[in-house]
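Notes follow the structure.
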Amino acid sequence: MKTVFSPRHSDHWLRYEYSGGQAKPCFEKPDRVEFVKREILNRRLGSILLAEEFSLDHLCAVHDESYIRFLQECWAQWVKEMNPELDAIATVFNRQSFADHIEPRSIEARLGKYSADLTAGLGPKSWYAIEASAHVALSGAKQLLGGEKAMFSLCRPAGHHASAALMAGYCYVNNAAVAAQYCLDQGCDRVAILDIDYHHGNGTQSIFYERSEVFVASIHADPDQEYPFYAGRADECGALKGLGANLNIPLSLGTTAWPEYQTALQQSMDAIASYKPDVLIVSLGVDTYEEDPISHFRLSSDDFTKIGKQLAALDLPSLFVFEGGYAVGAIGVNTVNVLEAYSEAVMQNPSVVSL
């Protein structure tokens, strides 16, 4: 399996994140990707390709243009109006609808308009990493549509919490959604997204919630107990044309080990198989790991091998898009366990058809 990567991911780093009323060192940091890349090379998973560049039109196909413009402009305005020694993070939020139609002038107001919470700030070069991460996803999708049976887009920053006009949860541009829309624009009739990150992919759900041409399935921690809290329940099944095209499988914290997870994974795979997509996009988060510092599932490193093998049974051209995972000592092993097992299973089953 080939991997797409951009060294520009390291342009994005924040000094702190805020949790429990405290400023703490960030769990989301550049070495996450470097550990994964090193494991890919050590285990000879396949070649690593540099991302191509794409038009901003592909990002604006799923995100509001005003939001993309904000991401581009934020840091320069922050430096002018605020403190360049601090990360650009919202302190005021638009929780009422009276000003939804207004583009604020001050950077504090713009941050509040385009932030869901305190979990996504911006630094001096964050935009360059954000744009490059989307290019990594798009490059993987292009390779897949060009005939590859499977691709891995090693994206950073992650994307699945980002909605059309909100950054949240370490996410800014929704890489999986951008890749899915690209596949549709290139001629696919149906795309399925399977999110196996520990946290619900609320941004992905919101982008496609009223659309039928993208089926979104997510296996995640119960939002009654875990971030993002306000989305991810089992009764959220889509709306309007998208009714029935959204599947949430929330699982309990602290008790979810492989038997429970395997059942949920098979349930999501059965739904995807019934949907009959042309392409599968997997939002691959490995923060379901038992030693992840901010998560509470109990999957072992060996369980990630089982996930990869099980996913291969779908017999679909598949793009894996990197999301979360914060146990840096095991993040490379866990990620490559999924990818390697998937690749080996596909090689043993030549019926998997490329596009």
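Using UniProt numbering, the letters of the sequence shown map in sequence onto residues 1 to 355.
Beta carbons: idealized from backbone N, C-alpha and C, even for Gly.
Between the beta-carbon of Glu148 and that of Lys37 there is about 19 Å, and that puts the pair past the 8 Å contact cut. Gln22: member of the beta strand (DSSP E) spanning 22-24, first to last residue.
Residue pairing by DSSP leaves Met82 without any beta bridge partner. In this structure Leu154 touches Phe5 by the C-beta definition: roughly 5 Å separates them, less than 8 Å.
Under the three-state reduction of DSSP output, Phe5 falls in the strand class.
As the crow flies, the alpha-carbon of Gln267 is around 29 Å from that of Gln143.
The beta-carbon separation of Gly238 and His220, rounded to 17 Å, does not stay under the 8 Å limit for a contact. Residue pairing for Val321: DSSP places it in a beta bridge opposite Ser153, Ser283.
The three-state secondary structure of Tyr128, taken from DSSP, is helix.
In the three-state reduction of the DSSP assignment, Ala217 falls in the strand class, which pools E and B. If you look at Tyr275, you'll find it isn't in any beta strand (DSSP E); it sits in the alpha helix (DSSP H) that goes 258-275.
The beta-bridge partner set that DSSP reports for Ile107 is empty. The Cβ neighbour count for Met347, taken over all protein chains shown within 10 Å, is under 16; the residue is labelled exposed.
Relative to Ala51, the option among Asp235, Ser106, Tyr114, Ala137 whose CA is nearest is Ala137. The secondary-structure analysis by DSSP pairs Asp195 across a beta bridge with Ser218, Ser283. Rounded to the nearest whole angstrom, the C-alpha separation of Leu45 and Val33 is 15 Å.
Beta-carbon to beta-carbon, Asp287 and Tyr198 are separated by about 4 Å, close enough to satisfy the 8 Å threshold. Looking at Asp185, Asn248, Gly242, Ser300, the one whose alpha-carbon comes closest to that of Asp222 is Asn248. Between Val282 and Ser252 the beta-carbon gap is near 23 Å, outside 8 Å, which marks them as no contact.
Annotation: Arg15 to Gly123 spans about 9 Å, alpha carbon to alpha carbon. Partner residues in a beta bridge of Cys74, as assigned by DSSP, do not exist. The continuous beta strand (DSSP E) containing Leu49 extends over residues 48-50. Segment contact: the stretch 68-81 against the stretch 20-29, fewer than three CB-CB distances shorter than 8 Å; contact not assigned. Remark: three or more beta-carbon pairs, one from each stretch, lie closer than 8 Å, so the stretch 296-315 and the stretch 338-347 are flagged as touching. In the three-state scheme derived from DSSP, where H, G and I count as helix and E and B as strand, Leu243 is classed as coil. Annotation: Ile193 to Met151 spans about 14 Å, alpha carbon to alpha carbon.
Taking the Cα positions, Gln77 is about 6 Å away from Ile107.
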